[in-house]
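Participant: Residue numbers (my numbering): 1 to 392.
Take this structure first; my questions come after.
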Amino acid sequence: MKIIYLFNSRLPTEKAYGIQVAKMCEAFADNGHEVKLLYPHRKNPTISQDIFSYYSIKNNFSLKEVKSTDFYFPGLLDKAAFIIKSYFSAKALTKEALKENANIYYTRDELVAYFLSKQNKNVIFECHRFSNKRKKFYSHFKKINLKIVVISDGLKGDLIKFGIKDSNIQIARDGVDLSNFNVPINAEERKEEQKRLREEFFTYHFDFYRRKKIAVYIGSLYSWKGANILISVAEYLKQLNDNYLVWVVGGTDKNIEMLEKGMHPNIVPFIYDNAVPHKEVVRMLIAADCAILTGKETDSLSAKYTSPLKMFEYMASGCPIVAQDLPSFREVLNDGNSFLVRPGDAKAMADKIDFVFRDENEKIVQEKAVRAFEDVKNYTWQKRIEKIINFA
Numbered sequence: 001m002k003i004i005y006l007f008n009s010r011l012p013t014e015k016a017y018g019i020q021v022a023k024m025c026e027a028f029a030d031n032g033h034e035v036k037l038l039y040p041h042r043k044n045p046t047i048s049q050d051i052f053s054y055y056s057i058k059n060n061f062s063l064k065e066v067k068s069t070d071f072y073f074p075g076l077l078d079k080a081a082f083i084i085k086s087y088f089s090a091k092a093l094t095k096e097a098l099k100e101n102a103n104i105y106y107t108r109d110e111l112v113a114y115f116l117s118k119q120n121k122n123v124i125f126e127c128h129r130f131s132n133k134r135k136k137f138y139s140h141f142k143k144i145n146l147k148i149v150v151i152s153d154g155l156k157g158d159l160i161k162f163g164i165k166d167s168n169i170q171i172a173r174d175g176v177d178l179s180n181f182n183v184p185i186n187a188e189e190r191k192e193e194q195k196r197l198r199e200e201f202f203t204y205h206f207d208f209y210r211r212k213k214i215a216v217y218i219g220s221l222y223s224w225k226g227a228n229i230l231i232s233v234a235e236y237l238k239q240l241n242d243n244y245l246v247w248v249v250g251g252t253d254k255n256i257e258m259l260e261k262g263m264h265p266n267i268v269p270f271i272y273d274n275a276v277p278h279k280e281v282v283r284m285l286i287a288a289d290c291a292i293l294t295g296k297e298t299d300s301l302s303a304k305y306t307s308p309l310k311m312f313e314y315m316a317s318g319c320p321i322v323a324q325d326l327p328s329f330r331e332v333l334n335d336g337n338s339f340l341v342r343p344g345d346a347k348a349m350a351d352k353i354d355f356v357f358r359d360e361n362e363k364i365v366q367e368k369a370v371r372a373f374e375d376v377k378n379y380t381w382q383k384r385i386e387k388i389i390n391f392a
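Right, dumping it as structure tokens:
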């Protein structure tokens, strides 16, 4: 089967969705399909690597950067520039895709799905959020019975409420490549590896950090992710034990500047110029004593629609998880594979991290981490692809 994946944005990108697109194409190809990835030309001053090396994936599919309008406006006008560019690049991608006689045209972009469906192509649209601003597209998709892949129950529910048939929607939550997570599960082996990695990450202050208990947060610091709670969590942790630290890894310069305004001495920033290199994520999770997953219950994107890649990576790493109890997380996490706390409650999160850190709780903590590792085997990219192909 020939599959054309059309991605209407810059590649490579430091954003998590770039990893998802790359892993999807790799998995489609691993499943025996002929895959071609189309994406628009965009200036990229920060990333010089190609897609295969940047995302550490197999070179098992073809790709083409499609010539398209690329420009920037300063300040608030940049949003207008983005909208205009997206329209023209969607047109360019569609034109290029129509040169191919593919069995499936797959995209995450409503405009691309709209243009291709007008040409009576077999289009699958992967939806990552529901918005009233996109009702024009949803109405068209409903009319033509377009097949839609969603990443959460919440998304499926809102699309059904809009009138899209249940049979035209397939839930396929995000996933993980377990081959990247060959981690020591044995407690003693893990402690030895943790010691080695901390010496690497904290070269100049190893003796200080070796004695600490560290809760790591990996990823961007956007408001809808609820990461601003980390400052309050660190304050409560310091009250419980001065040897407890929150390790924040990632974020843009603007995000970090915002966080540093309220920076607590028990927060350890570990900042890259762009995103955290994907191959480093597993090593950082082994170096930590638990992983933090935050969200925002008042934001639909966070509470209902998201299926965060880092959640699956946390599970695959064997690192115990302390997460806010949101419906979107609950679709995968539960009381058997993680520690769930009331959303927005920094003290409850700090108390649960304290529980995880205490030696007397090591057995129950380890049991949950092992359960998470077993559960995440149901969420590999390969299993996701098989579900989508069967749906197609």
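Every residue gets a Cβ at the ideal spot worked out from N, C-alpha and C, and that includes glycine.
#1: Given that a residue counts as buried once 16 or more other Cβ atoms are within 10 Å of its Cβ, and exposed if not, what is P343?
#2: Does P40 come out as helix, strand or coil in the three-state DSSP assignment?
#3: Quick one: which unbroken alpha helix (DSSP H) runs of 4-plus residues sit fully inside the stretch 311-358? Chain order, please.
#4: Does the stretch 62-79 come within contact of the stretch 30-40, defined as at least 3 CB pairs closer than 8 Å?
#5: Roughly how many angstroms separate the alpha carbons of A90 and Y105, rounded to a whole number?
#6: If you follow the alpha helix (DSSP H) that Q366 is in, where does it begin and where does it stop?
#7: Would you kindly report the start and end of the unbroken alpha helix (DSSP H) that includes L116?
#8: Between the C-alpha atoms of T46 and I19, what's the straight-line distance to the nearest angstrom?
#9: In three-state terms, what does DSSP make of I218?
#10: Assuming the contact rule is C-beta atoms closer than 8 Å, S338 and A350 should be a hit. Round their C-beta distance to whole Å, please.
#11: What first and last residue would you give for the beta strand (DSSP E) that runs through N123?
#12: Using only the alpha-carbon positions, how far apart do T298 and G32 sit?
#13: According to DSSP, is A92 part of a helix, a strand, or is it coil?
#14: Going straight from the alpha carbon of D50 to that of I57, what length do you get?
#15: Quick one: complete beta strand (DSSP E) runs, 3+ long, within the stretch 46-81?
#16: Should the stretch 166-183 be regarded as contacting the stretch 132-149, the criterion being three or more beta carbon pairs within less than 8 Å?
#17: Are three or more beta carbon pairs between the stretch 218-227 and the stretch 179-189 nearer than 8 Å?
#18: Do three or more CB pairs link the stretch 285-296 to the stretch 130-145 at distances below 8 Å?
#19: Excluding the five sequence neighbours on either side, which residues of its own chain have a C-beta within less than 8 Å of the C-beta of K383, listed in chain order?
#20: Helix, strand or coil: which one does DSSP assign to V281?
#21: Is the separation between the beta-carbon of L6 and that of D109 shorter than 8 Å?
#22: Are the stretch 206-219 and the stretch 243-252 in contact at 8 Å, needing three or more beta carbon pairs?
#23: Per the DSSP calculation, C290 is bridged to which residue(s)?
#24: Could you say which of N8, N44 and K156 lies nearest to K85 if we only look at CA atoms?
#25: Can you tell me whether Y352 is buried or exposed? The criterion is at least 16 other CB atoms within 10 Å of its CB, across all chains shown.
#26: Within 10 angstroms of its Cβ, does F82 collect 16 or more other Cβ (buried), or is it exposed?
#27: State the CB to CB distance for the pair I385 and A102, rounded to an integer number of angstroms; the pair is presumed to be in contact (CB under 8 Å).
#28: Leaving out five residues before and five after L301 in sequence, what residues of the same chain have Cβ atoms less than 6 Å from its Cβ?
Facilitator: The structure says:
#1: Buried.
#2: Looking at P40 - three-state DSSP - the assignment turns out to be strand.
#3: Those alpha helix (DSSP H) runs which fall completely within the stretch 311-358 and span 4+ residues are 327-330 and 346-357.
#4: These segments touch.
#5: Put simply, the backbone Cα of A90 is about 13 Å away from that of Y105.
#6: For Q366, the enclosing alpha helix (DSSP H) begins and ends at E362 to D375.
#7: For L116, the uninterrupted alpha helix (DSSP H) run begins and ends at E110 to S117, by DSSP.
#8: Our two residues, T46 and I19, have alpha carbons roughly 16 Å apart in a direct line.
#9: DSSP places I218 in the strand class (E or B) of the three-state scheme.
#10: Taking C-beta atoms under 8 Å as the contact rule, S338 and A350 fail to qualify, at a distance of about 16 Å.
#11: The residue asked about is misnamed: residue 123 is Val in this sequence, not Asn. Run containing V123: V123 to C127, per the beta strand (DSSP E) assignment.
#12: C-alpha of T298 to C-alpha of G32: approximately 42 Å in a straight line.
#13: In the structure shown, A92 sits in a helix (DSSP, three-state: H, G or I).
#14: Going by the C-alpha atoms only, they are around 11 Å apart.
#15: Residue ranges of uninterrupted beta strand (DSSP E) with 3 or more members, entirely inside the stretch 46-81 and ordered along the chain, are 62-66.
#16: Contact holds: three or more Cβ-Cβ distances are below 8 Å.
#17: Contact between the stretch 218-227 and the stretch 179-189 is absent, because fewer than three Cβ pairs lie under 8 Å.
#18: The stretch 285-296 makes no contact with the stretch 130-145, as fewer than three CB pairs between them are under 8 Å.
#19: Setting aside the 5 residues that flank it on each side, K383 is surrounded in the same chain by G175, each with a C-beta closer than 8 Å to its C-beta; the list follows chain order.
#20: Assigned with DSSP and collapsed to three states, V281 falls in helix.
#21: In contact: L6 and D109 (Cβ atoms closer than 8 Å).
#22: When Cβ pairs closer than 8 Å are counted between the two stretches, the stretch 206-219 is seen to touch the stretch 243-252, the count reaching three or more.
#23: A215, per the DSSP bridge assignment.
#24: Closest option to K85, judged by alpha-carbon separation, among N8, N44 and K156: N8.
#25: Here residue 352 is Lys; the residue named in the question, Tyr, does not match the sequence. Buried, by the Cβ-count rule.
#26: Classification for F82: exposed.
#27: No, I385 and A102 are not in contact; Cβ-Cβ is about 16 Å, not under 8 Å.
#28: Within the same chain, Cβ atoms closer than 6 Å to the Cβ of L301 are found at R129 and W224, the five residues on either side in sequence being excluded.
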